[in-house]
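Counting from 0, one number per residue, gives the positions in the sequence shown under numbering that gives the first Met the number 0.
Even for Gly, the Cβ is constructed at its ideal location relative to N, Cα and C.
Reviewing the structure listed below.
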Amino acid sequence: MTIIIFLIILSVLVIAHEFGHFWIAKKAGVGVKEFGIGFPPRARKLFSWMGTDFTLNWLPFGGFVKMEDEGERKISVLIAGVVANFILAWILFTIVLMLGIEGQDGFVQRGLFDGLWHGLLTTGKITWLTIGAIWHLLAGAFTGQGSLADVVGPVGLVGLVGEAKMLGLSYVLYFTALISVNLAIINLIPVPALDGGRILLVIIERVRGKRISPKLFNMINLASFALLILLMVIITVRDIHRLL
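Right, dumping it as structure tokens:
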């Protein structure tokens, strides 16, 4: 049951992120061929909306938006997924505060408008704390004074979801909001496989006054994506080793 909840959480986070890309791409007049839930191979086409095929794919870890090349070079489109994750976190924190949750000063429960305001404040606070934690982790890794010991992968996250589930719905939603903030910030890191890296490449193109060749652009993205997958495998193996 915990694994199913984890997959639902992951799907919600990724769909929100990709929907941000999709919506702004459409508003910018960029054609979107496919909105995929999960990664290929394709299981089935669900429906078509606004000229886009929405598909369900066999690998349930993530999702994607297949758009015209122009969309990959619009900063507004590239950053939209990050914005969507921040908005999702705000909504979830608001719901948590409306449902009620145990805080440092006891049980906290707020109405809609008060919940929206404090949900926004909570999102900002968690964002600032997360940026600090990631900066400390990256700085430590570069200086040799830190490690990835506190970083968890999918296996570790499943364990954390299980702990949140035992505490109740509010804690599951709070945990989901935390991961949404983390996903947004990590995607802003200037690594080409991530949104932040793609934005950096677009900025470089504008400074140079000409585009990076599509072949080089794709090679950089592919190499960065491979390194991210390798890092995820290493972290996952370590998480499994912790359980044994």
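In the same chain as Met-97, and ignoring 5 residues on each side of it, the C-beta atoms closer than 8 Å to its own belong to Gln-108, Arg-109, Gly-110, Leu-111 and Gly-114, in chain order.
By the Cβ-count criterion, Leu-172 is buried, with 16 or more other Cβ atoms from all chains shown falling within 10 Å of its own Cβ. In summary, Leu-166 is exposed, with fewer than 16 beta-carbon neighbours lying within 10 Å of its beta-carbon over all protein chains present.
Spatial neighbours of Leu-58 in its own chain (CB-CB distance under 6 Å, excluding positions within 5 residues in sequence) are listed in chain order as Gly-37 and Phe-38. Fully contained in the region 35–109 are the following beta strand (DSSP E) runs of length 3 or more, in chain order: 51–66, 100–102 and 105–107. Bounds of the alpha helix (DSSP H) holding Ala-183 are 168–186.
Leu-77 places its beta carbon less than 7 Å from that of Ile-198. In the structure shown, Lys-124 falls within a helical segment according to DSSP collapsed to helix, strand and coil.
Thr-175 is a Cβ neighbour of Leu-91, given a cutoff of 7 Å. Taking C-beta separations shorter than 8 Å and ignoring five residues to either side along the sequence, the partners of Leu-200 in its chain run Pro-191, Ile-211, Phe-216 and Ile-219, following chain order.
Less than 7 Å divides the Cβ of Thr-126 from the Cβ of Val-180.
Under the three-pair Cβ rule at 8 Å, the region 1–20 does not count as touching the region 41–55.
Using a 10 angstroms sphere on the CB of His-135, the tally of other CB atoms stays under 16, which defines it as exposed.
Counting the other CB atoms within 10 Å of its CB gives Phe-106 a total below 16, which places it among the exposed residues.
The Cβ-Cβ distance between Ala-24 and Met-66 falls below 7 Å. Taking C-alpha positions only, Lys-164 is separated from Val-95 by approximately 14 Å.
Between Gly-195 and Leu-187, the C-beta gap is smaller than 7 Å, which places the two residues in contact. Between the alpha carbons of Gly-99 and Val-81 lies a gap of roughly 27 Å. Val-206: member of the alpha helix (DSSP H) spanning 194–207, first to last residue. Taking a 10 Å sphere around the C-beta of Ser-75, we find fewer than 16 other C-beta atoms and assign the residue as exposed. Within the same chain, and ignoring the five residues on either side of Glu-17 in sequence, the residues whose Cβ sits closer than 6 Å to its Cβ are Gly-62 and Val-64.
Distances from the alpha-carbon of Arg-72 to those of Ser-223, Lys-209 and Ile-228 put Lys-209 closest. Between Phe-5 and Leu-156 the beta-carbon gap is near 6 Å, inside 8 Å, which marks them as a contact. Counted as a single uninterrupted DSSP element, the alpha helix (DSSP H) harbouring Ile-2 occupies residues 1–26. Scanning Ala-132, Leu-128, Phe-21 and Ala-88 for the CA closest to the CA of Thr-51 turns up Phe-21.
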